[in-house]
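Working notes for the structure below.
Protein chains in written order, with my numbering: chain Y, 6 to 474; chain V, 19 to 309.
Below is the structure:
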């Protein structure tokens with residue numbers, strides 16, 4: 006028996022695809038991914054219509070999907086994150102049916118519960134054997150963890166593994182196992198390594214970013230959570246990485262050994278592991294080459310599925326054991342609701358990813374953001390889109406002060422006692438608007454272009470089209 | 019308290035409006051070297067508007083105007099004086115006459131604005147050989163002068179020597195300025211350390227300035243501010259010793275003694291003055307007496 010099929014063309018024919026069905030993709034190859042475009046092009050070539058695409062994320066590299074939308078090949082999209090290239094067109098109203106945004110935990114939840122059935126899952130695999138055992142740790146297109154692809158592999162009706170490094174059976178150190186896989190296709194390249202992982206992720210040198218990072222580390226240091234067994238997640242942005250570096254210094258100085266670092270893993274988290282700041286890394290996605298190298302070689306660096314990472318339908322998920330998470334925001338309102346879906350003009354340019362999952366799970370959820378970007382204030386009366394509800398956000402750190410959600414009475418007292426610059430979020434808004442002025446309200450269209458679904462499956466907010474002049 | 023003073027280019031709005039978030043005790047809005055002649059007007063307006071609309075609570079504003087041999091300096095003063103900066107930094111001050119000329123014009127503008135004389139202080143920037151030689155005369159030329167400021171980059175050009183990290187070439191100027199300023203009863207600030215990537219060099223340089231008697235040190239990089247603040251802050255040991263001195267003085271007074279010893283050393287007036295300064299600074303920094 007062999008599962009190896011000669012081409013994507015053949016596998017699309019074999020997989021039993023019909024008009025109206027749902028195909029799925031994962032985004033570990035990020036902006037270097039070739040697989041989604043190759044598969045969708047073949048689906049279009051074979052004349053299928055009305056296909057739903059359920060992708061854990063869509064990046065700018067996936068802009069060719071817009072042609073398939075225009076031609077009626079794709080009529081439904083579900084994703085956890087959509088970058089500006091595709092997002093802008095969606096905000097302009099290119100799709101009839103609203104896009105469904107979920108979170109990295111909510112997506113596998115709905116797959117597992119059967120709310121979003123997948124007909125054919127296409128799994129980009131940097132290495133696979135002839136029976137479909139596959140891994141992201143090896144090969145020229147190595148991306149590290151394949152965490153987001155597990156639910157697709159386990160629950161799709163048909164599963165296709167697409168690889169550019171087909172190895173003899175059995176691949177020993179596999180992530181996704183053959184018992185879930187129907188077909189294996191070898192192609193020349195599944196992605197462009199330059200877009201898959203960055204060579205290095207850099208901490209910021211911007212003085213304002215460093216001030217925010219230093220405040221963030223001090224908030225953690227004075228939160229009461231920084232002790233042996235501490236667990237932590239941070240993003241790959243410059244200020245978040247700088248906060249991790251400052252935190253590392255504090256942990257080493259105090260001799261604290263944390264339990265685990267979580268997330269999207271960067272080289273900085275690997276440094277923290279190697280320096281003894283954590284016992285383990287729990288990794289749903291690797292961001293840079295150092296993280297890929299680490300997950301391949303260090304047994305303390307553990308790959309986890311998105312279900313294990315963040316799904317509320319799991320018996321437990323790692324986010325439920327998380328102490329502190331550092332997150333970003335494009336806007337935050339005076340009730341601490343955060344927007345990470347739309348930009349300052351209302352166009353889609355992101356998504357929750359793991360934002361609301363980690364915010365809900367962590368004991369301390371911290372947003373780092375400058376008081377303003379270009380000339381637009383970060384703090385507003387009402388965010389354009391609620392990506393993460395304010396009840397799950399504890400602290401906003403800016404260069405102009407630290408605003409603590411009023412529900413955290415004890416934390417406020419601790420941070421004040423430590424001499425940190427605590428400000429009321431309304432004051433911070435006024436202070437910023439003295440510099441920037443009060444921005445005019447964004448014009449809002451009358452058509453819903455996307456629905457933001459909470460990690461628990463509830464409708465959290467709607468994103469409207471941006472009226473075109 | 020001016021441990022650190024951070025230069026910010028007067029033509030960079032993002033730096034100006036974030037100036038008070040960067041941790042320095044004072045920020046220097048620079049209208050001189052950081053701004054090309056074509057941008058002098060725009061920078062002057064930007065700095066004026068920043069001072070008018072921004073709240074820099076907790077951070078003193080100093081403005082480096084253009085030198086008195088340019089066509090800009092009086093316009094600079096006209097625009098910024100209504101917003102009462104803590105100090106005006108006057109570049110290339112070579113003599114008492116230079117300081118007096120600036121003083122005269124500042125007085126005139128203060129009168130026009132209805133401000134009391136000397137509302138805005140003057141800090142001559144000593145960055146020529148002539149300025150160094152005239153340091154005491156400059157420092158004592160007018161009550162408006164609150165401090166001297168050493169500028170080593172222009173000075174070494176004038177001295178026709180190379181500026182080095184070790185700073186042997188400015189040893190004389192440094193000590194001369196400290197002596198002149200202290201003799202005139204004003205503060206004195208050290209030149210910036212210009213290698214922003216040398217994290218150890220800034221520590222050594224700041225420690226040297228402190229050891230020589232400088233009140234504080236300027237910086238061209240926000241990265242240096244924290245180090246400078248740390249070096250020019252009293253240590254807990256120094257704070258505790260200052261409190262001990264004051265306790266000893268109180269005890270001596272209550273016992274009717276004129277002189278008293280602490281740890282085998284006589285406590286005299288300069289030691290008391292220094293203790294009072296240390297305690298004032300500790301209080302400003304929120305430092306408490308140790309146990």
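Even glycine gets a Cβ: it sits at the ideal position worked out from N, Cα and C.
Identification of residues in the region 412-445 of chain Y having a C-beta nearer than 8 Å to some C-beta of chain V yields 424, 436, 439, 440, given in sequence order.
Under the three-state reduction of DSSP, residue 377(Y) is assigned to strand.
Going by DSSP, residue 57(Y) is part of the beta strand (DSSP E) stretching over 56-60.
Annotated as distal: residue 104(V) and residue 146(V), with beta-carbon spacing of 7 Å or more. 7 Å or more divides the Cβ of residue 170(V) from the Cβ of residue 199(V). Where residue 401(Y) is concerned, the enclosing beta strand (DSSP E) starts and stops at 400-403. Between residue 165(V) and residue 195(V), the C-beta gap is not smaller than 7 Å, which leaves the two residues out of contact. When only Cα atoms are considered, residue 86(Y) and residue 392(Y) end up about 11 Å apart. The bridge partners DSSP lists for residue 193(V) come to none. In the three-state reduction of the DSSP assignment, residue 199(V) falls in the helix class. Within the DSSP bridge table, the entry for residue 259(V) names no partner. At a cut-off of 7 Å between beta-carbon atoms, residue 404(Y) makes contact with chain V.
The beta carbon of residue 212(Y) falls within 7 Å of a beta carbon belonging to chain V, placing the residue at that interface. In its chain, beyond the 5 residues on either side, 43, 44, 234 have a beta carbon closer than 6 Å to the beta carbon of residue 20(V). Unbroken beta strand (DSSP E) runs of no fewer than 3 residues, entirely contained in the region 212-259 of chain V, are found at 234-237, following chain order. Non-local beta-carbon contacts of residue 361(Y) in its own chain, meaning distances under 6 Å to residues more than five positions away in sequence, involve 108, 393, 460 in chain order. Between residue 248(Y) and residue 218(Y), the C-beta spacing is below 7 Å. Taking C-alpha positions only, residue 198(Y) is separated from residue 377(Y) by approximately 34 Å. Residue 287(Y) is bridged by DSSP to 267(Y), 307(Y). For the options 160(V), 167(V), 285(V), the alpha carbon positioned closest to that of residue 115(V) is the one of 160(V). In the DSSP assignment, no residue is bridged to residue 137(Y). When only Cα atoms are considered, residue 29(V) and residue 211(V) end up about 22 Å apart. Just measuring C-alpha positions, the residue of 443(Y), 452(Y), 48(Y), 91(Y) sitting nearest residue 380(Y) is 443(Y). In chain order, 25, 27, 28, 82 place their CB closer than 6 Å to the CB of residue 48(V), counting only its own chain and leaving out the 5 sequence neighbours on each side. Contact check for residue 324(Y) against residue 334(Y) fails: the beta carbons are separated by 7 Å or more.
In the three-state reduction of the DSSP assignment, residue 208(Y) falls in the coil class, being assigned neither a helical nor a strand state. About 5 Å separates the beta carbons of residue 88(Y) and residue 64(Y), which is inside the 8 Å limit, making them a contact pair. Contacts with chain Y (Cβ-Cβ distance below 8 Å) from the region 37-53 of chain V involve 39, 40, 41, listed in chain order. The beta carbon of residue 104(Y) does not come within 7 Å of any beta carbon belonging to chain V, so the residue lies off that interface. When beta bridges are read from the DSSP output, residue 27(V) appears opposite 48(V). Looking only at 156(Y), 368(Y), 51(Y), 453(Y), the smallest Cα-Cα distance to residue 352(Y) is reached by 453(Y).
Residues of chain V with a Cβ closer than 9 Å to the Cβ of residue 216(Y) are, in chain order, 36, 39, 40, 41, 240. Taken in chain order, the members of the region 58-76 of chain V whose beta-carbon sits within less than 8 Å of a beta-carbon on chain Y are 71, 72, 73. In the DSSP annotation of this structure, the continuous segment of the beta strand (DSSP E) that includes residue 78(V) starts and ends at 78-82. Going by beta carbons, residue 117(V) and residue 142(V) fall inside the 7 Å limit.
Here residue 252(Y) is near residue 222(Y), since their CB atoms are less than 7 Å apart.
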